[in-house]
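Okay, so here's the structure we're looking at.
In the numbering used here, the protein residues as written are 12 to 81.
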């Protein structure tokens, strides 16, 4: 009496682990995206306009001597 060779049975365990790992990675990615999206928005740009009055400057007297060689 000879035995028939067993048919190759597909193992379900590794596929279940892979699918669960992908589902967890997807959930973590979605949660991270939501957390980054929910962060407070920048308050915007605040523009301040001022007119500066010119200050008085003291006049400094400078003596310049120019000599020409002849």
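Beta carbons: idealized from backbone N, C-alpha and C, even for Gly.
Residues near residue i by beta carbon distance below 8 Å, same chain, minus five either side
{"i": "residue 23", "result": "none"}
{"i": "residue 31", "result": "none"}
Residue i CB to nearest heavy atom of the ligand NAP below 7 Å
{"i": "residue 48", "result": "The model depicted lacks the ligand NAP and carries no ligand whatsoever."}
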